[in-house]
Every structure is written in C-alpha cells, then in structure tokens.
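To start, the structure itself, in structure tokens.
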Amino acid sequence: MNPYLAGFLLGLVLLLTIYVTGRGLGASGAFKNVIIAVVKSIAPEHASSTAFYQDFDQTNPEGPWKNFLIFEVVGVIFGAFFSGVLGNRVGLKLEKGPRVTNTLRVVGAIIGGALFGFGSQLGRGCTSGAALSGMAVLSLGGILTMMAIFGAGYALAWFFRKLWLK
Amino acid sequence: MGPLAPYLISEEFGLVIALAIGVGFGFVLEQAGFSSTKKLVGLFYGYDFTVLRVFFTAGITAMAGVLLLGHYGLLDTQVIYINPAFIKSALVGGAIMGAGFIIGGFCPGTSVCALAIGKLDALAFAAGIFLGVFAFIETFPHLENLYMANNLGQMKLSEYLGMSDILFGTILAVVAVAAFTGTWFIENRVNKRKPELTPSTRKQYAFAVAALFLVLAIVAFLPGKKDFIQMRISQAERQKTCVFKEISADRLANDIVNNFYELNIIDVRTPEEYNEWHLPLAINIPFDRLLDRQNIPIFNQKIRTNIFYADSDTLVRMACLKAKFAGNSDNMILSESADEFRKLFFESEEPAPGSHKDLFNLYNFRIQAARHMTEMEQTLKQRMAPVKREVVTVRGGC
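Chains C and D are the protein sequences, given in the same order. Take 1 as the starting number for the first sequence in our numbering and just add one per residue. Take 167 as the starting number for the second sequence in our numbering and just add one per residue.
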C-alpha cells in the first residue's frame, strides 16, 4: 500500500479513536496489564505487598484484563493477521540483517524488546501511545518522547549497523 | 458531541469498540509494511523512509481532524486526553526506547503486528517487552523520583510555545511535507536510483497536500461554533430584536412554592456571589461556564423552564441568549436582580398601619413565600438540583 495512503487511513483510525473514546491508541500499556495480571496470579503475596500493584488496583478497580488497551491489542492481532492473509505474508519466519546469525537476532530482539518495554513505562507510552497519539493532540510530553525515540535511534544507528546492513 | 465515552457509551461497550479499533489499527499497520523489521530500521539507515511517511501522515491527519472537529464543536477538546509532560522521564524513557528500536528492530505495536503473521523475531521482541516492563515495575521505587520529575501537566506544545493550536498545527504540517520531500531525495541517493514520479501520482500528492492546508485554513479563518454563538449574541444585541420573556419576583416566588419541579433556577453570577446568597433552589452556573459540555443538557430539554438571574441586567440577558442559541429549552429571565429579590422577600418591612389592604396582602404573601421557600430549600435542595455532571477528563496512556 502507498505509505501516504496507509498513513492517512491510520490517521483516520486514530481520529475515530479520539472521537469515540477521548484518548489515542496504545500498545505497551497492554503488556503492562498482562504482566500485572500474571504477577498477581503467580505471586499474590508479592503483589499485595508492593506499592506499584496496590496503586494499579486503586486506579483500575475493574482489574487488569477489562482494559481498553488489552482489547485493542487483541484486535491488532486479528487485523494484522487478516491483512497478512490478504497479502500472502503469513508464515513462520525469522527476519534479520544479512550478516547476523539466528541466535544473535533473537538475543538482539529480546534485549531491544526489554529496553523498549522499560523505556515505554518510564516515558509513559510508546511509539503509538505517546508519540503518535501525542502528536495528534499536540501534546508536549508526547512530542518530546517522539523526538527522544527517533533521536536516540539515529544517534545509535551507526554503532549497530552490523546488525542490519551488509 | 465527542468524545462519546464516557457519557454516551458504557465501559463494556467501549471494550467492544476497542477491539474493533484494534482490528483497524493492526490492519493498517500491517498493510503499511510495519510487520517487517527491515522496513522499520530502514528509517535509521536512510534506505527506506516508509515509517516516517506513514507515521507523520497519520499524525498530521489526526491532528487536522481534531482541530476541525473541535472548531465546529463536534469534539470537546477540553476533555480529551493530552499525554502529560514529565520532561525528564519523557526524554530518558524515549532515549531508552530509541536504543530498543535500533537493537530489536520493532516497537511494541509493530511487534504485535509482526508476530500475528508469524515473525519469530517479533515473538522474541514481545517476550523482551514483558521482561522490560516487569523490570520497570520491580525497580519502580528507585525510579520514582525520575518518573515524577519536571511535571508540566497536560501541556500542549502550542501552549508551551505560546501559540495558537492552529498556528502550531500548520507549522507541523509544513515540516511534515518538507520532511516527505527531503527524505524522498535522500532515499533515492542512498539506493542509487533515479527519482521518478509519474504525473498522475504527482497530481494525487498535490491534491492531498492542498486538502490538508484547506482544512487548516478552514479552522484558521472561518468562524467556528463558538464564534457563531458569539456573533448571534452581538447581532441580537445590536438590533435589539430579541424579546426576552421576563418573570417578576412575585410570580417566580409563587411558582417556586407551587411548581418548583417545573423550574431550573440558574444563578449566572460568580461562585463567590452565589455562596454568599442565592435564590432558593437555585443552581450556580457562572456566565463563562454556561456553554461547558456538562451544562448543555440543561439547555436542551423541554421539561423545565430555565430562569436566569444575576445582579446585572446585561449579564442575565447575555446568559439567556447563550442558552437560547445553544439549545431548545424554554428560557426566561428574572426581572429583578438577586439583591432585589432578597430584599423583597427576606427583608420585607411591614407596611405602615392604615396602608391599603393590598399592601398588607402582598406583605403577607411575601412573608409566607419566604418561609415556604426556606423550608423547601432545606428539604429539597438535594432532589431539586439537576444531577451534577462531573467533568470527566479522559484517562489514558500507553
């Protein structure tokens, strides 16, 4: 799909979201809720004695599962799968740079994911929740986060070029 | 008027909508090619700027839409969620995310997309996100100071720079179009290919850019909903065409005692003045807040007559006009001021002996009405007031 057309459609999805719910899209918050639910079921004593989980219970009386972002991310899985089927792109595959072994790629993905997960909690949102949705409502915090994400990406790109380039 | 949640759709139905929105979100992300890690990191090496194009176009489209809907009063921009600005944590968190992006090759939303179509590296990335989030939660006590530092609240960048939203939005749109053009040249150079653009594509792009700036120009230069109401008010004032239905203090007192359930008595003075003294059973909506979202239903009903009063004749007339142009309710104004009403009923003096019997009747009526009204005020205050609608600011966040 033409990237500008895709962007326009994504913008309409975002606008509809803001119109209906008063808030933008998100992704990393769903990961947080899943973690909280898992910790609460595996180690209930730890959860009930830690301030972070207590605060979460107070601000989310409905519990971690009955949450906008959880349902939205489940929708993302369906939507992306449907689009992949249409474009014949579905299939198990490990995508990586040309000079990288499978192990290195998996390790890199786990480390990158961990950094992104950590950063998204510290920065109150990821590329969708802070940067994209923040830009739509001209949020200072969201736009700062966006500039930090892409600024750091460009600043570090040279050091990690062997992961991606020939 | 949007946003539809939480007034018009329930929490449960909101989850169904979230699912539907997610399907759209995932579909578009996958269609844009965001399920491929090579495409995503291409942004940082200059060989593929798809991410920038999709991302910026989406942001600008939604921004222009929010401005347009807000301009025509279809979306209440006062209550939508603006990500709060905690400067330090935004910058540090963003930098860590940037590192994660270049090392892992995804961001959370795109990794979900990619794992949905079977990418194993995305699965590893998503597992990493869980680890990172868990690490954050468990180390939160040590991070709390950084997390809470430099809070500027729900601040817009336009506010921070002291410009109007539309001016800032226009600047952002210009930057986006410049970035699209610039990266096109960079991409062609890095990939060593000749720039090509068919005339029909060029025409489509020109049309899209023109449409964007047309929307922004409409917001900037054409009158919006608030301007319309203001224009009609000043027009009505100038031409003196508006006929106000007035109600006298005695008549109102009689109505309060006998038909209180048919009235909304609205004090449009300041809360301080209201707290000092107000008419029995009156509610307070300061003039400036009259058209706030939570008050609109009062002007859009046919069950109760709205009766406005203040201390100034002009103020009460302006308030009545605002209500009239905002809805379809029956609106009246009290002929007397608040102060006059108080003196008539609560500080009335007995007529001198030998006065006309009508004066005595009136005096007795007022004394009795005052007594009734005071009693009613005490017993009915809670039931009489319209259900107070809390201003709900939408919570959000990623």
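Cβ atoms here follow ideal geometry from the backbone N, Cα and C, with glycine treated the same way.
Which residues of chain D have a Cβ atom closer than 8 Å to the Cβ of residue 72 of chain C, listed in chain order? Here the neighbours are 184, 185, 187, 188, 191.
Interface partners of residue 149 of chain C on chain D, CB under 7 Å: In chain order: 260, 263, 264, 267.
Buried or exposed for residue 248 of chain D, please, with buried defined as at least 16 other CB atoms from any protein chain shown within 10 angstroms of its CB. Taking a 10 Å sphere around the C-beta of residue 248 of chain D, we find 16 or more other C-beta atoms and assign the residue as buried.
Taking the CB atoms as reference points, tell me whether residue 453 of chain D and residue 434 of chain D lie closer together than 8 Å. In contact: residue 453 of chain D and residue 434 of chain D (Cβ atoms closer than 8 Å).
Where residue 63 of chain C meets chain D, residues with beta-carbon distance less than 9 Å: Correct list: empty, because the minimum Cβ distance to chain D is about 12 Å.
Can you find a CB in chain C that lies within less than 8 Å of the CB of residue 365 of chain D? For residue 365 of chain D, the nearest beta carbon of chain C is not closer than 8 Å to its own beta carbon.
Buried versus exposed, by CB contacts within 10 Å (16 or more), residue 64 of chain C: Residue 64 of chain C is buried by the Cβ-count criterion.
Determine the DSSP secondary structure at residue 243 of chain D, reduced to helix, strand or coil. Coil at residue 243 of chain D, not helix or strand.
Note down, in chain order, every chain D residue with its Cβ under 7 Å from the Cβ of residue 3 of chain C. By Cβ distance, chain D contributes 198, 216, 219, 220.
Apart from the five residues just before and just after residue 226 of chain D, which ones in its own chain have a Cβ nearer than 6 Å to its Cβ? Excluding residues up to 5 positions away in sequence, 339, 342 lie with their Cβ nearer than 6 Å to the Cβ of residue 226 of chain D in the same chain.
On a Cα-Cα basis, can you pick out the residue from D:413, D:430, D:399, D:444 that is closest to residue 490 of chain D? Per the Cα distances, D:399.
Proximal residues of chain C, C-beta to C-beta of residue 223 of chain D below 7 Å: The contact set of residue 223 of chain D on chain C, defined by CB atoms closer than 7 Å, consists of 4, 7, 8, 11 in chain order.
So, are the CB atoms of residue 245 of chain D and residue 142 of chain C less than 8 Å apart? Not closer than 8 Å, so no.
Does any residue of chain C have a CB that is nearer than 8 Å to the CB of residue 227 of chain D? The Cβ of residue 227 of chain D sits closer than 8 Å to at least one Cβ of chain C.
Whole angstroms are fine: how far does the CA of residue 301 of chain D sit from the CA of residue 291 of chain D? So the alpha carbons of these two residues sit roughly 15 Å apart.
For residue 189 of chain D and residue 466 of chain D, what's the separation of their Cα atoms in angstroms? So the two alpha carbons sit approximately 36 Å from each other.
Secondary structure at residue 539 of chain D, three-state DSSP: helix, strand or coil? Three-state result, residue 539 of chain D: helix.
Check the Cβ-Cβ distances between residue 321 of chain D and every residue of chain C, and say whether any is below 8 Å. Cβ-Cβ to chain C under 8 Å: yes for residue 321 of chain D.
Between which two residues does the beta strand (DSSP E) containing residue 210 of chain D stretch? Residue 210 of chain D -> not in any beta strand (DSSP E); alpha helix (DSSP H) instead, spanning 203-211.
Proximal chain C residues relative to residue 351 of chain D, where beta-carbon distance stays under 8 Å: When 8 Å is used as the limit between beta carbons, residue 351 of chain D is near no residue of chain C, the shortest such separation being about 16 Å.
Residues bridged to residue 262 of chain D (per DSSP): Its beta-bridge partners do not exist; DSSP assigns none.
Between residue 42 of chain C and chain D, is there a C-beta pair that is closer than 8 Å? Chain D, which has no Cβ nearer than 8 Å to the Cβ of residue 42 of chain C, makes this no.
Between residue 66 of chain C and residue 181 of chain D, what straight-line distance do the alpha-carbon atoms span, to the nearest angstrom? Those two C-alpha atoms are separated by around 8 Å.
Between D:459, D:476, D:540, which has its C-alpha nearest residue 170 of chain D's C-alpha? Considering only alpha carbons, the answer is D:459.
Taking DSSP as the reference, what is the three-state secondary structure of residue 515 of chain D? Of the three classes helix, strand and coil, the one that applies to residue 515 of chain D here is coil, per DSSP.
Let me know if residue 121 of chain C comes out buried or exposed under the rule of 16 or more other beta-carbons within 10 Å of its beta-carbon. Residue 121 of chain C comes out buried.
Backbone secondary structure at residue 169 of chain D - three-state DSSP: Coil, per DSSP.
Nearest-angstrom Cα separation, counted from residue 484 of chain D out to residue 516 of chain D: Going from the Cα of residue 516 of chain D to the Cα of residue 484 of chain D covers about 36 Å.
Between the C-alpha atoms of residue 179 of chain D and residue 82 of chain C, what's the straight-line distance to the nearest angstrom? Across the structure, residue 179 of chain D and residue 82 of chain C are spaced so that their CA atoms are roughly 23 Å apart.
Looking at C-beta atoms only, is the number of pairs between the region 155-166 of chain C and the region 202-214 of chain D that lie closer than 8 Å three or more? Flag = yes, the region 155-166 of chain C and the region 202-214 of chain D touch.
What are the boundary residues of the alpha helix (DSSP H) that residue 147 of chain D is part of? As displayed, chain D neither begins before 167 nor continues past 564, which places residue 147 of chain D out of reach and without an answer.
Check whether the Cβ atoms of residue 136 of chain C and residue 258 of chain D lie closer than 8 Å to each other. Their beta carbons are not under 8 Å apart, which means residue 136 of chain C does not touch residue 258 of chain D by this criterion.
What span of residues does the beta strand (DSSP E) with residue 67 of chain C cover, start to end? Per DSSP, residue 67 of chain C belongs to no beta strand (DSSP E) and is neither H nor E.
Distance cutoff 8 Å, beta carbons only. Does residue 92 of chain C sit that close to anything in chain D? It does; some Cβ of chain D falls within 8 Å.
Rounding to the nearest angstrom, what Cα-Cα distance links residue 91 of chain C and residue 386 of chain D in this structure? Rounded to the nearest angstrom, the two C-alpha atoms are 49 Å apart.
Evaluate the contact criterion for the region 43-51 of chain C versus the region 69-88 of chain C: three or more CB pairs, one atom per stretch, below 8 Å. Contact between the region 43-51 of chain C and the region 69-88 of chain C is absent, because fewer than three Cβ pairs lie under 8 Å.
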